[in-house]
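Student: Residue numbers (numbering that gives the first Met the number 0): 0 to 306.
For each residue, glycine too, the CB sits at the ideal point set by N, CA and C.
Would you mind keeping the following structure in view while I ask a few things?
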Amino acid sequence: MPHKVILDVDTGTDDAIALMCAVLHPDLELIAATTVNGNVPVVNCTENTLRVFDLLGVKVPVYEGLPKPFVRPNFPVPRDKPNPAHGEYLDLPPATSKKQGQNAVDFLIEYYMGPDGPSTTLVPVGPLSNVAMAIRMEPRIVERIPEMVIMGGGHEHGNVTPSAEFNIWADPEGARVAFLSGIPMRVVPLDATWAARTDTAQVEQLRALGTPAAVAAAAFCDRRIQSWNVGATAIHDALALCAVADPSLLVTHHVYADVETFGELTVGRTVFDTHARTGKEPNCHVALDADREKFNALLRDLLGRTA
Ligand code: RIB
Ligand code: CA
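In structure tokens form, the structure reads like this:
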């Protein structure tokens, strides 16, 4: 039986590869995608998500979520131009399929309070605004979500500030609600995603597969590599998604984790208590390393398929 997943995305080039992996993975069943403000405005995330599913020729329900963080009126720093790693829209034909009429938060509540909720892993790979709002609106949902596999945070370093990773920094209060909710969680921070990076030679191997998914993923990777100019890219969100089916991709530690929401220099920092200084019960399995070769081989296997 494939493992049911819902992806909460801010699509985005790496979200797009995660969506493709979710559709093409033989051991996963993608129930729906929910979108959230993040890499691009939420309406662009929704359009991008639909573009990815159209490219693969599949119909997966897409629910649009929050256009802003859980508490803050906007991002801590409003974005004046698109992030070059993602652009304004994915470089794919405009979507012909349509989003669902229901809001993502209402969908998440209805789905998880329903019969299939307890057997469906939630994979948030954008800011945690939808998740926090769903918890706030229906607190019983925390007993119904069997596990969240979250892409977010950084232990050794950040990527927006020295302290903070984008998904957590973009909605720190929302992230804190999710982290402290009691929902079982695995967290996949930058430490793991960069350990599992994909370099230019591996991108060429993907492109050579010639399938729509592999060719599109290679182009997205090109864009990401150009934007950082380090000869490789972390495909953050795809690693978190793939770990649902194969936990051995990650090297995890069972620790207490919290999110900084106040610090002048550290707002949005994930604080992983790796040396048990708080005395608090562990609430997450955090991945501080990952199997790079296994992940890249899996990407070739999945993206070389057609739906
Ligand atoms: O920091 C990396 C994360 O931020 C990824 O999920 C990327 O898509 C962006 O949302
Ligand atoms: Ca993302």
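#1: Do you know offhand how far E109's Cα is from C283's?
#2: Thinking C-alpha only, which one of F52, A275, P161 and M112 is nearest T305?
#3: Can you determine whether any heavy atom of ligand 2 sits closer than 8 Å to the C-beta of T10, and answer yes or no?
#4: Please name the residue or residues paired with F271 in a DSSP beta bridge.
#5: If I measure Cβ to Cβ from Q204 and keep anything under 7 Å in the same chain, skipping five residues before and after, which residues do I get?
#6: Are the beta-carbon atoms belonging to V122 and V148 less than 9 Å from one another?
#7: Where DSSP assigns a beta bridge to M150, which residues make up the other side?
#8: Taking 8 Å as the line, does the beta carbon of N38 fall inside it for any heavy atom of ligand 2?
#9: Pull up the distance between the alpha-carbon of A213 and that of T34, whole angstroms please.
#10: Thinking C-alpha only, which one of A256, H85 and A289 is nearest S180?
#11: Figure out for me which residue from M112, E155 and A275 has the closest Cα to the Cα of P138.
#12: Leaving out five residues on either side along the sequence, give the residues of the same chain with a beta carbon under 7 Å from the beta carbon of A15.
#13: Which of the three DSSP states is assigned to D14 in this structure?
#14: Between which two residues does the alpha helix (DSSP H) harbouring E109 extend?
#15: Below 8 Å, is the gap between the Cβ of V202 and the nearest heavy atom of ligand 1?
#16: Rounded to the nearest angstrom, what separates D272 and T251 at their Cα positions?
#17: Can you find a heavy atom of ligand 1 that lies under 8 Å from the Cβ of G267?
#18: Classify Q225: buried if its beta carbon has 16 or more other beta carbons within 10 angstroms, exposed otherwise.
Tutor: Let me lay it out:
#1: 25 Å
#2: F52
#3: yes
#4: A256
#5: R299
#6: yes
#7: V187
#8: yes
#9: 23 Å
#10: A256
#11: Per the Cα distances, M112.
#12: Excluding sequence positions up to five before and after A15, its CB lies within less than 7 Å of the CB of N47, V51, L89 and F219, all in the same chain and listed in chain order.
#13: helix
#14: Counting along the chain, the alpha helix (DSSP H) containing E109 begins and ends at A103 to M112.
#15: No - ligand 1 has no heavy atom lying nearer than 8 Å to the Cβ of V202.
#16: Here the alpha carbon of D272 sits roughly 13 Å from the alpha carbon of T251.
#17: no
#18: exposed
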